[in-house]
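Worksheet: one structure, shown below.
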Amino acid sequence: MQSRGGAKNNYRERLRGEARRRGETRSRGVSRSNSRGGTWTNSRGGIQNRSRYSTLVRGEVWSRSGAGSWSHVARCPAMYPAGPAWPKLRVLRALWALLAVLLAPWRLWAKEDIQECIWHVVLIKFEAVGEEGRSDRFFDLEPLESLDSVFSLLVDAPTDQNEKYLGFPYYLKINYSCGGESSEAQVRKGHLTGLKPLVLVTFQSPVNFHRWKIEQLQIQMEAAPFRSKERCNAEEVCAMSWYTPMPIKNGSVVMYVDVRSNGLGPFVQNKRFHVNINGFLQKQQDNTLQFTVGNEIFNLIPRYFINVPSRPLWHTVNQTPVLILGGIPDEKSVLLTDTSFTDFFLVELNIDSCWVGSFYCPQASFTATIYDAIATESTLFIRQNQLVYYFTGTYVTLHESNQGSGSWVRVLANECIKKLCPVHAHGNGSEYIMALTTGKREGYVHFGTITDGRVSFELLPRQRSVCEGLQVSNYLAILYTIPEFIPDARGLEFLMLLGTESHTTFLMVPKGMFYNQYSNLLYIWGNFLLQSYNYENFIYLADFPKEQSIKYLVNSFRGDMAIVTETEEIWYLLEGSYRMYKLFPSRGWEVHINLQVMHQSSVYTPNETMVTLFYEDTKLYQLVYLMKNQQGQLVKRHVPVEQLLMYQQLSNHYFFKRQGSHLTLSFTNFCPFSVMRLRDLPNPQVYSRQERYQARPPRVVEPSGFHNENSLAVYQGLVYYLLCLHSEYHKPYADRVHDSTWSWSNKKQDRDYYFYLASNSQSPGNVYIDMASYEKIYDLKADYELPERIFLDKGTSYVFSVFLRVGGQSLEFTPERVLTSEELKSTVDLGVVLADPGCIEAVVKQKFLINRNSVLFRVTLSDKRSCFDQGLSGHHLLETSMLLKVAGAVGHCFQNTHQGPRMQGNLMVPVLIGCPPGKRLAFDITYTLQYNRLQNKHYFDCVRVDPEMPCFLFRDVFYPFFLIQDLVTGDSGSFQGSYVLKVVGGGPTLDTIREYSEEEIYRFNSPLDKTHSLIWTTKNTTTTKDSAFNIMSHQSLGIEWLCLENSPCYDAVPHTIFAPEFFFKVLVSNRGVDKSTYCDYQLIFLLHIHGLPLSAKRAFFILMVSSSVFIGLVTLYIIFCLLLPVMVKAWNSLRWKINNIIMSESYYTYTSRNCSGTSETRSTVSSRASSSDSSKVAEANQRAPEQTWKKKPLVT
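30 is the number of the first residue of the sequence shown in our numbering; add one for each residue after it.
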């Protein structure tokens, strides 16, 4: 017989299985919520402890657990509480009853045994892995060079022993807790049940796209389990955590870390963390960290926050790693955070506080308070009284120099500044800020530009101030004149201001403006709120009370906007609508507070002060100071806008309906649909331009599966090397395989051998590296939601479908009436609002599904080819937006998810028009060689073959071809557009290549050149508008090399016995000649040409010299052949005479020296004497004729 505990466990498993099955069905049908609600969890604040609460509805109990799930248990009527029914209790019952109706049916799970679990992530140094209770700040950016000793052990592994592997200085340490309590047993249970955290790191693109490449890069990693280094009495493990490398990328200082489960083990909600580099820290000699902007204050005095007005949080949206917030009374201190206020620091700034008042800059009073504080990507700005300071952080990943500001720099020293204003969006590779003047410069604006940490200001207007310009006609263009009094809307939600409307007696007091560059909405606010799409026609939003005055606005740039008044009221507005909702104080807020008290939440107290209000990842957050038990605490908490709106709707629209002898509670549902789903979504990478890599940890041979320090170091080195391959992939010649990791392909061939070693525990270093785990992902699927942003090239379209179902919201299983097409058409309608209808267009086609009481809308968003010229990949994009709006859904329709309710019926997506990031032009060397061999009937490569740069023969016609490579999707296709080809440099060798001037480029490439300087020509007759250059395409007739007499390749001198060679630096650009794309493709590559001809003079000279040398050699040969016999005979005679002379001289010398010799040598002497006698006789015979000749004259 099974025990009671075992039966309970089986019951829980069945519930979990049912929940998973229902969740899978829901994920296929309902668009999921964005999982960006998480933040950095190394918080100084407490964690919410959510308890279970229940409410009685018509004899039943609906209970809700901490995870927000519902369970239903039948109760008898005797369970009703006795006594009179309080009005508040009746309202609360009504609220929960309606919630039970709206949250059906998938919330009717018995999930009471499933705990709410959340992820926790901290950053730790490389050498601190395994230490408990430690967290580090993100400021050290130098890569680690100590991994060689680890990789040197991997001899028989798919790693390169000649490669130097580096590592990142930090790890991400990951844990989770359930029910608000952390437990080592829970983490061990998750590990033993197969739980593995999956970490997705997203790198934010830099501001300066002139220096860094614009790309949307992500890397997905799997966390590796690691045992704690603390002492443990258990045999295997006591405490453990998961670790992944924390990668760093040049040009990026803002990173988002998304953690999710692999689907095994306990259910843990997805969560996002902000991991930003803090460039305002420095290490001291004792290895402690200190702020460079000031001194940290560890005591949060209540007077800093209690009864202090809230202030806006100003920064460059999505680009700022460090946020600052001033406004602390009578203190030159700011709140500083690099985790979006999940944790924070109070820092007293090191500024001189030199307050100067003069006749031109009157100051009624002086204070140490930092009134304005603005944060940019690498620079902080503050205003104290009339003084403005800035401080640039140390970011070696952004700037060429690793030195930031040594101290606060005072700017605009001779100006009287009354206000600093932020520019939320960056542009043209820079960030901006505005300083408003007063005193003698009233009406001027100092417009500041921040580029790579360098700050400069320009005085605008340049000629005269705005006040003076208004007095001069035709100097300033007045777009709109604000009415003097507030219009009388007469009960309407909004009023179009045409000049004919009536007005109240309340003066309009404008205080500021706000502009959303995506929706093109301009807001003018004060004790009113005006909005305009074209800066000329304004709409007055009448829901905002004229008795209140707006203090500041907060925009999410995704369609949501919050408003804070001077009395600290919070209002909410959904862009595209005209209805404003009061969130605080409100009846919905009271209900929410009561529920939080029932939860025993630690982030809600009766005595609290709001410090600031801001958006983070489309969610609204408060920074509040809580006083509880005489203890102050500064916490960040989420403002549940959807829940507050739902509570207000429920409390305002309920009624009692009599059924028989008793009353039943009924509600009015104003949502026109019951189900909204997105269908037929295309693959997101084509439009979101997200590049994603995947890296899994090496497998360890240890049976328990725990990693050690060496295996984690190997993981670090492989991730670092993977990102290096990505950053170095910019070859102008197209690779055979279009992938930055294609160089690892040869290492994947032996994966079976490495797997064999691992399966037999023979892997070196006890780790098994599967190179297939390190790859680029090209086939991401849509997650039932629109992408974060949509990039549109020229003429491209984004097509998807919206499914809306009418009815089906009742818990009673009654047959549903089938609606006709006319009823469906009158019930639900879908509209698309475009911020720039002249640039993009939307076509909506509807299809009625009568048997399902549903309507399917097919939406096509297309570019109109009219609002953008050409630009580099990711540069100067036109920002606009698309708003998808279901009529009547604003504030009435909500979708319930595991993270709480989410508003439905309004979807705003930024649209970026231009050349999408990740596209490039490459030289298609493979097809070029193939086509040239086919057309020229031959191909001759250089004598010294270079596989990376093949040669082309000078006398052959050259047919170039190019590819358009998409680095995001992996697609690669032939470039079919037009382009201009120019030779912009060259030289006879790689070392002697030089850049040509603009004049030389014109002479060497233009068909209009008359100086005989052309390098090449073509038979194509198409030229640019000014006929300066030829226009080429993939159907061109090819290039013929000329190298005329005034060109640099003319009369090339050969350095060897082979024909001369030349390297041309070629520029290919389609700017101004290609109408098929917005992309301004620019490709510069080297072209190796061999077999260049010699000039006529040099050829004639070489011919003459060669002929002369040849004739001379032939003549010498003939002379030598004729004189050789005579010379041989003369030589023989001369040699014979010389020999005779030598012999005679030697004889006489020998005789005189041996005449007194012994008898033993007489025979020898006699022989020699006889020979000498014979020689004497011969000489006598020769002298006899002489004597006879001499005597003859005497005889006669």
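Where is the CB? At the ideal position from N, CA and C, for every residue including glycine.
Residue pairing for Q924: DSSP places it in a beta bridge opposite R931. Contact annotation, C1108 with K948: C-beta distance approximately 6 Å; criterion of less than 8 Å satisfied. Our two residues, F969 and G1120, have alpha carbons roughly 10 Å apart in a direct line. Within the segment 918-1000, the complete alpha helix (DSSP H) segments at least 4 residues long are 954-965, listed from N- to C-terminus. Taking C-beta atoms as the reference points, I1118 and F981 count as a pair closer than 8 Å. Taken through DSSP and simplified to helix, strand or coil, N379 comes out as coil.
Residue G900 holds the alpha-carbon nearest to the alpha-carbon of Y1110 among V1138, G900, E1024, S1003.
When the five nearest sequence neighbours on each side are left out, the beta carbons in the same chain lying within less than 7 Å of the beta carbon of L536 are those of E513, F514, in order along the chain. Sequence-distant partners of L602 (beyond 5 residues in either direction) whose C-beta falls short of 6 Å from its own C-beta, in its chain, are M590, M609.
Residues L505 of the same chain have their beta carbon placed closer than 7 Å to that of L499, with the five preceding and five following residues left out of the count. Taking C-beta atoms as the reference points, F952 and L1112 count as a pair closer than 8 Å.
Closest in alpha carbon position to T396, among S362, T408, I403, is S362. In terms of Cα proximity to R721, the closest of L182, T188, L221, V230 is V230. The segment 196-213 and the segment 269-276 touch, with no fewer than 3 CB-CB distances between them shorter than 8 Å. Looking at A252, D481, L152, K242, the one whose alpha-carbon comes closest to that of A724 is A252. Under the DSSP definition of a beta bridge, T849 lacks any partner.
When secondary structure is reduced to three states using DSSP, N279 falls in the coil class, being assigned neither helix nor strand. In the DSSP assignment, the residues bridged to A253 are Y272. Taking C-beta atoms as the reference points, L642 and S895 fail to come closer than 8 Å. The segment 299-308 makes contact with the segment 146-155, as at least three CB pairs between them are under 8 Å. In the three-state reduction of the DSSP assignment, I399 falls in the coil class, being assigned neither a helical nor a strand state. For V748, the enclosing alpha helix (DSSP H) covers residues 738-756.
One Cα belongs to N549, the other to D865, and the distance between them is close to 8 Å. With a cutoff of 8 Å on beta-carbon distance, L176 and P793 are scored as not near each other. Scanning its chain for C-beta atoms nearer than 7 Å, with the 5 sequence neighbours on each side dropped, one finds around R470 the residues E444, C445, in chain order. Taking the C-beta atoms as reference points, L224 is found nearer than 8 Å to S290. With the rule of 3 Cβ pairs closer than 8 Å, the segment 1048-1057 does not count as touching the segment 1077-1085.
K805 carries a strand assignment under DSSP once its states are collapsed to helix, strand and coil. Cα atoms of S212 and G219: separation of roughly 11 Å, rounded to the nearest angstrom.
In the assembly as shown, I798 is a buried residue. Its beta-carbon has 16 or more other beta-carbons within 10 Å. Around the beta carbon of P976, fewer than 16 other beta carbons lie within 10 angstroms, which makes this residue exposed.
Scanning the segment 698-725 for uninterrupted alpha helix (DSSP H) segments of 4 residues or longer gives 714-717, listed from N- to C-terminal end. Scanning the segment 455-527 for uninterrupted alpha helix (DSSP H) segments of 4 residues or longer gives 495-499, listed from N- to C-terminal end. Look at G1015 here: in three-state DSSP terms it is strand. Counted as a single uninterrupted DSSP element, the alpha helix (DSSP H) harbouring Q625 occupies residues 616-628. Spatial neighbours of P1089 in its own chain (CB-CB distance under 6 Å, excluding positions within 5 residues in sequence) are listed in chain order as A1081, P1083, L1121.
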